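Worksheet: one structure, shown below.
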Amino acid sequence: MFYIVIRFREKPERTAPFDPEWSESRRLEIVWWGIPIVIIGVLGSLTVRDTFGLLRPTASVTGPPLTIQVTSLNWKWLFQYPDEGIATVNYCTIPTDRPVSFVLTSNAPMNSFWVPQLGGQEYTMPGMAMRVWLQADKPGVYFGSGANFSGREYAHMKFRVVARNETSFRTWIKQVKTSAPALTNAEYEKLVYPSTLGEQSYSSFPQGSFDQTVRREGGMYMKHKMTEGTD
Numbered sequence: 004m005f006y007i008v009i010r011f012r013e014k015p016e017r018t019a020p021f022d023p024e025w026s027e028s029r030r031l032e033i034v035w036w037g038i039p040i041v042i043i044g045v046l047g048s049l050t051v052r053d054t055f056g057l058l059r060p061t062a063s064v065t066g067p068p069l070t071i072q073v074t075s076l077n078w079k080w081l082f083q084y085p086d087e088g089i090a091t092v093n094y095c096t097i098p099t100d101r102p103v104s105f106v107l108t109s110n111a112p113m114n115s116f117w118v119p120q121l122g123g124q125e126y127t128m129p130g131m132a133m134r135v136w137l138q139a140d141k142p143g144v145y146f147g148s149g150a151n152f153s154g155r156e157y158a159h160m161k162f163r164v165v166a167r168n169e170t171s172f173r174t175w176i177k178q179v180k181t182s183a184p185a186l187t188n189a190e191y192e193k194l195v196y197p198s199t200l201g202e203q204s205y206s207s208f209p210q211g212s213f214d215q216t217v218r219r220e221g222g223m224y225m226k227h228k229m230t231e232g233t234d
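Numbering of the sequence shown is given in our numbering, commencing with residue 4 and proceeding in unit increments.
Structural data, given as C-alpha cells:
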C-alpha cells in the first residue's frame, strides 16, 4: 500500500489521461474474485470431507471396531473397555490397524480429548456422550492431553496411547485381568476426587458406571448407537 501511494502520487510531469467515468475492469474482477473463491472451495471441500471422515470408522484388517469409554476427571483420564471388562487411568492400549471408537464424557468441568498424532480433538462434557474415531497404523506410543483449561492441575491432564499388534493387545488384556486390582465403587469415588495420579490398571469396574456418569447430569447414553458405524 505504501509503495502504491508513493509510486503513483501526483507529480507535475505526469501527463497520463484522467478518466472520471472509469469504474471497473471485468478481467481484473474475475481474477481477484475467482482465485479466492477457488481456494476457499478447495479448502472447504477438504475440511468437510475429513471432518465427516472422523465420524465413521476406517476399514479394518484385523477385527471389528474397539470401543473405549473415556471419562475426564479432575485431573486424570479414566479409560473403560466395556467389552473386555477392564479399565485404566492416564493410559490406554489399542490394537494397530483397527478403528477405535472413543466414547467421551466428563465427571468434572468440560475438557477436550486430543491425541495429535492420531487425529482431531473432541470435547468431553458432563451429561453428554461424544465420540471420535482414531486408528494407529503402526505400533508405538502416542501422547494425548486435555486441550481445554480445567483448573489448577490442568497441566497434568496427559495420557499415553500405546498401540500394539492384535496378538500383543490380547496378551495385555489377559495380563490386566489376572494381575490388576478391581475398580470398586469406593475406588471410583477416589478417582473422582480432585487430585493427580499416575498410570493405573484395573481388572474390572462397576458395570454401567459410564452410563451413570452420563445420566447424572441428565444425559442419555445409548451404547448400541455408539458402537455402530455412524452416530
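Beta carbons: idealized from backbone N, C-alpha and C, even for Gly. Remember, it's a predicted structure, so these values are computed and weren't measured experimentally.
| CB-CB under 7 Å to P142, same chain, minus the five flanking residues each way: which ones, in chain order? | T99, A166, R167, N168
| message | For a test of the three-state rule: what should DSSP assign to A132, helix, strand or coil? | response | coil
| task | Leaving out five residues on either side along the sequence, give the residues of the same chain with a beta carbon under 6 Å from the beta carbon of P68. | result | P60, P102, S104
| field | Three or more C-beta pairs below 8 Å linking the region 36-54 and the region 146-162 | value | no
| request: Determine the extent of the alpha helix (DSSP H) in which V41 is found, giving its start and end residues. | output: 29-56
| In three-state DSSP terms, what is W175? | helix
| Measuring CA to CA, which of A139, M113, Q120, F55 is closest to M128? | M113
| task | Determine the closest residue to V106 out of T91, W136, A185, with distance taken between C-alpha atoms. | result | W136
| query | Assuming F213 and T74 make a contact with CB atoms under 8 Å, what is their CB distance in whole Å? | reply | 7 Å
| request: Assign S89 to one of two classes, buried (16 or more other C-beta atoms within 10 Å of its C-beta) or exposed (fewer than that). | output: It should be pointed out that residue 89 corresponds to Ile in this sequence rather than to Ser. It is buried - the Cβ of I89 has at least 16 other Cβ atoms within 10 Å.
| message | Going by the DSSP bridge assignment, what does L137 pair with across the sheet? | response | V103
| request: In the DSSP assignment, find the unbroken beta strand (DSSP E) run with S115 in it and report its ends. | output: 114-117
| Are the CB atoms of N110 and T181 nearer to each other than 7 Å? | no
| Same chain, Cβ closer than 6 Å to E156, five either side skipped, listed in chain order | W78, T199
| Taking DSSP as the reference, what is the three-state secondary structure of F208? | coil
| request: Kindly indicate which residue of P197, T96, L31, E220 has the alpha-carbon position closest to the one of R163. | output: T96
| query | If you draw a straight line from the alpha carbon of I7 to that of I40, how long is it in whole angstroms? | reply | 26 Å
| task | Output the distance between the C-alpha atoms of R173 and G130, rounded to the nearest integer angstrom. | result | 32 Å
| message | Please report the distance separating the alpha-carbon of P197 from that of T170. | response | 36 Å
| What's the C-alpha gap between G37 and E202? | 54 Å
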